[in-house]
Ligand code: ARG
Ligand code: ZN
Ligand code: CA
């Protein structure tokens with residue numbers, strides 16, 4: 177097999193005062209990614225729940241902070257049209273995950289580019305206040321990054337962005353007919369199956385998501401061996 181795949185990360189903080197996101201927040205964000213992708217997150221089994229716990233898995237993907245860049249920029253709302261990436265282009269996206277931390281606006285927590293897209297826009301954009309310790313509660317435990325990096329590594333939303341029959345191309349994630357929000361009670365049943373509301377690729381609160389599946393791990397890892405944009409990492 178490929179063994180553990182380590183992805184070096186460049187962080188670009190783009191804010192009116194780029195020091196508003198601290199180095200310790202960046203370190204915490206990298207730790208959240210590493211814990212979530214290795215299934216060592218401490219909210220596994222919240223309040224004694226056993227929901228889908230046997231399906232929670234490590235991914236064999238890890239992250240290391242390569243460098244943080246800070247840019248003071250008075251733009252108050254960057255939107256989702258990649259303009260922050262044009263202003264501050266990604267650095268060696270062939271080998272590095274580039275993450276822009278900025279004010280996106282419109283209530284958007286983050287967005288990502290799937291593998292195979294243009295390298296000039298490759299990477300993940302995060303709302304600055306979604307980082308650990310930020311003000312975007314209940315989305316301030318760093319799991320927007322986990323979710324968006326899932327997209328960056330080829331994962332779809334767990335409900336497939338459609339109704340019951342819409343596939344997320346992962347067999348061990350149950351079908352659903354839409355996103356779940358908040359902290360759903362168990363079981364939440366849609367499409368005659370119990371939703372995996374605690375999957376990182378749903379839209380639930382940061383505190384209430386805690387897992388990837390084997391199928392998601394395999395889908396992520398496949399891109400490193402199949403000639404996609406990530407296979408040079
Ligand atoms: N792309 C989603 C959004 O902007 C991110 C959802 C992240 N969910 C979370 N619990 N942090 O709304
Ligand atoms: Zn998403
Ligand atoms: Ca599925």
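Residue numbers (the numbering used here): 177 to 409.
Where is the CB? At the ideal position from N, CA and C, for every residue including glycine.
| Item | Value |
| --- | --- |
| Looking at residue 190 and ligand 3, is the gap between the Cβ and the nearest heavy atom below 7 Å? | no |
| Shorter than 7 Å, the distance from the beta carbon of residue 231 to the closest heavy atom of ligand 3, or not? | no |
| Using the C-alpha atoms, what's the distance from residue 314 back to residue 375? | 16 Å |
| I'd like the span of the beta strand (DSSP E) that includes residue 244, first residue to last. | 237-248 |
| If you measure from each CB to the nearest heavy atom of ligand 2 and keep those under 6 Å, what residues do you get, in chain order? | 323, 327, 333 |
| With which residues is residue 188 paired in a DSSP beta bridge? | 245, 276 |
| On the three-state DSSP scale, how would you describe residue 325? | helix |
| Less than 6 Å between C-beta atoms, sequence neighbours within five positions excluded: which residues of the same chain meet that for residue 328? | 288, 300 |
| For residue 235, is the classification buried or exposed, using 16 other Cβ atoms within 10 angstroms of its Cβ as the cut-off for buried? | buried |
| Can you give me the Cβ contacts of residue 322 inside the same chain, cut-off strictly under 7 Å, excluding the 5 residues immediately before and after it? | 208, 209, 212, 376 |
| Ends of the beta strand (DSSP E) at residue 288? | 286-288 |
| Does ligand 3 have even one heavy atom less than 7 Å from the beta-carbon of residue 346? | yes |
| Tell me where the alpha helix (DSSP H) around residue 209 begins and ends. | 199-213 |
| Starting from the Cα of residue 189, find the closest Cα among 355, 264, 231, 215 and give me that residue. | 264 |
| Any heavy atom of ligand 1 closer than 7 Å to the beta-carbon of residue 320? | yes |
| Using 10 angstroms around the beta-carbon of residue 341, count the other beta-carbons present and answer buried if the total reaches 16, otherwise exposed. | exposed |
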